[in-house]
Structure formats: structure tokens, C-alpha cells
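The sequence shown begins at 3 in our numbering and counts up one residue at a time. Think of the CB as a built atom: it goes at the ideal place given N, C-alpha and C, for glycine as much as any other residue. It should be emphasised that the depicted structure is a prediction, and the values quoted were computed from it without experimental measurement.
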Amino acid sequence: MCWRWIAPGGSSAMPGRARTAHVLVLGGTAEGRQAAAALASEGCAVTLSLAGLTSHPRLPEGVRVRTGGFGGAAGLRAWLAEQGVRLVVDCTHPFAARISRNATLAARDAGVPILRWRRDGWRRQPGDRWIVLRDAAELAAVLPEQGRGVAMLGARGLQTLQERGDLWLTARTLMSPDFLIPPRWRLIHGLPPMSVARELALLKATRAEWLVCRASGGAAGYAKLAAARQLNLPVFMLAAPEKARQKGVSSIEELLHQACVRFSRRRP
3 MCWRWIAPGG SSAMPGRART AHVLVLGGTA EGRQAAAALA SEGCAVTLSL AGLTSHPRLP
63 EGVRVRTGGF GGAAGLRAWL AEQGVRLVVD CTHPFAARIS RNATLAARDA GVPILRWRRD
123 GWRRQPGDRW IVLRDAAELA AVLPEQGRGV AMLGARGLQT LQERGDLWLT ARTLMSPDFL
183 IPPRWRLIHG LPPMSVAREL ALLKATRAEW LVCRASGGAA GYAKLAAARQ LNLPVFMLAA
243 PEKARQKGVS SIEELLHQAC VRFSRRRP
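Here you go:
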């Protein structure tokens, strides 16, 4: 049975008329796809917003897909009003701070409730050799001179290291960075999740002495940490931003429950 939003008497809809709730899900993450699919299966009209960073994204069935930006908070606010959105679900990457700020401002100004997906953080295990750095400058400064390693920071995150041309670096990203990479660097493309076996193979093939990544949390990206542990490699990890520490839903069941609360309706 569909979730319905009961339009108030003063709205443009007929008083008391029920209509399918329109939900905007932000994010091309695995959690975003799962959230969109779950909401669509409950009967919501779902729009999944993607940044357009991948040419062949994995898409759930039964949802409408929108690619590209909204034009900042003001553009998103206008889009929410034009499309009659009744709920925003922010499933963007933990390090994608700008879109989350814009979503918060737009939803507030449009009077639309917003739910945030919070990934479970990674927990250090026996044998882990994590060096957690506070910011990008500290990360760039701490890597061993002339070192050889693998970086999984995303295309934008690689800007952190662009002055470290001394490094023999293999960088895995979804898209190429917008700067000329140093001669010693090598780019490979890959989309998580990866298996531990594949991560082990990559670290061994590149003769990596260390791994660089972001503290993104979640299950999809954990295999690289398990592989580094098996090889006794240090992991230089950029600390999670404030966004990752904010309250939010962390399971599909919790998301559906909170959506029901926002729509003031019990699930059948």
C-alpha cells in the first residue's frame, strides 16, 4: 500500500485528498540506492539525485533519477517547492559537506523535513596500524618521503597530495582529478564495494608500504582496512568530518519508521 500525504485544507490540493508522497534521496552511495529502493517499494514517488560522477551508475528500479547539481541551496529550495517534495533523505558521502549544508538550508527554508543517513564508523581491531590525521595539511605532511603507497581519497581528495610528487602513488578513484598528476603517480578506476582478496591483490601488486584513505565508515569500504591489517601496513586516515558525527538513521528499517513519522502515518 502506498504512503500518502494528506494535503491540508489551505493547500493547492483538494482538502483532505490523499496523494503519493514525493521523496528526494540525495546521494550516489550504496546507502542512497538502498534507501531509494526501500522507499519506492513502500509506494513513495522517489527521485534519486546523483552528482553525475560515474558514467554507468548502479540504479535501483522504480525510482526517477536526476543527475547534476541544483544551483546551491536556493536552487534546491526552488526545486523542492516545484516538485512538491515532502521529505528529503540525505545519503551523500560523509565527506560531501557542501551538498549536505545546502540540503539543510533548502529543506529548512522550504519547510520540508530532512533525514540524514549516518554510517557506522570503523572500529580499530587488533593488528590495525591506523594513523588518524586531523586535516588535509597534516595528512600531506606526514607521508614518508619517496614513499610508495595506495591512496583511496576520491578525485577531489587527491588535491591534498598534489604537491607530493616525490611519492610513488597508486590512486584509485571513480573519476580523474582536475589537475595534472605527478609523473610517479598512477591512476586506476574502481567502484566499491571491493572484496578483501581484491584489495590484497592491489596492495601486493603495487608493493605498497602504506595505505591512505578517509574515515568514511560503512561496510562497503572496509575491505581495504582488513587487507592492510593482513599485510601489517600502516593506514594514514583522514579523520571523519563533523557531518559524520551528527545524529541520523543508520538502518533501512529506522529510515522507513522515521519517514512514517514525518508523513504522520503508520505503515500497513
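Exposure of residue i, with buried meaning 16 or more beta-carbon neighbours within 10 Å
{"i": "Thr69", "result": "exposed"}
{"i": "Val144", "result": "exposed"}
{"i": "Ile101", "result": "buried"}
{"i": "Val27", "result": "buried"}
{"i": "Phe238", "result": "buried"}
{"i": "Pro10", "result": "Residue placement at Pro10 is poorly supported in this model, since its pLDDT is 41, which falls under 50; the coordinates still yield a value, given next. Answer is exposed; the Cβ neighbour count stays below 16."}
{"i": "Lys249", "result": "exposed"}
{"i": "Lys206", "result": "exposed"}
{"i": "Arg264", "result": "buried"}
{"i": "Gly2", "result": "This structure cannot settle anything about residue 2, because the visible part of the chain is limited to 3 through 270."}
{"i": "Pro96", "result": "buried"}
{"i": "Gly29", "result": "buried"}
Under 7 Å between C-beta atoms of residue i and residue j
{"i": "Ala47", "j": "Pro62", "result": "no"}
{"i": "Leu141", "j": "Leu240", "result": "yes"}
{"i": "Arg174", "j": "Ile190", "result": "yes"}
{"i": "Ala157", "j": "Pro179", "result": "yes"}
{"i": "Ala42", "j": "Gly64", "result": "yes"}
{"i": "Gly223", "j": "Gly123", "result": "no"}
{"i": "Val114", "j": "Val90", "result": "yes"}
{"i": "Arg88", "j": "Ala138", "result": "no"}
{"i": "Val251", "j": "Ala153", "result": "no"}
Per DSSP, the bridge partner or partners of residue i
{"i": "Thr208", "result": "Paired residues: none, contrary to the question."}
{"i": "Arg174", "result": "Ile190"}
{"i": "Gly123", "result": "None; Gly123 has no bridge partner."}
{"i": "Ser51", "result": "Leu28, Arg68"}
{"i": "Ala153", "result": "Ala173, Val214"}
{"i": "Met239", "result": "Val134, Cys215"}
{"i": "Ile116", "result": "Val90"}
{"i": "Val251", "result": "Trp119"}
Residue i, enclosing beta strand (DSSP E) - first and last residue
{"i": "Thr106", "result": "Segment 99-112 is the alpha helix (DSSP H) holding Thr106; no beta strand (DSSP E) there."}
{"i": "Val91", "result": "87-92"}
Contacting residues, own chain, Cβ-Cβ under 6 Å from residue i (five flanking each side not counted)
{"i": "Arg79", "result": "Ala108, Asp111, Ala112"}
{"i": "Leu50", "result": "Val27, Ala38, Val65, Val67"}
Unbroken alpha helix (DSSP H) run spanning residue i, endpoints
{"i": "Val263", "result": "254-265"}
{"i": "Leu227", "result": "225-232"}
Other residues of its chain near residue i: CB distance less than 7 Å, five sequence neighbours each side excluded
{"i": "Trp132", "result": "Arg126, Val237, Met239"}
8 Å CB neighbourhood of residue i in its chain, flanking five on each side removed
{"i": "Ser197", "result": "Ala225"}
{"i": "Gly12", "result": "In this predicted model, Gly12 has a pLDDT of only 36, less than 50, meaning its place in the structure is not dependable; the value taken from the coordinates is given anyway. Nothing listed; no residue qualifies."}
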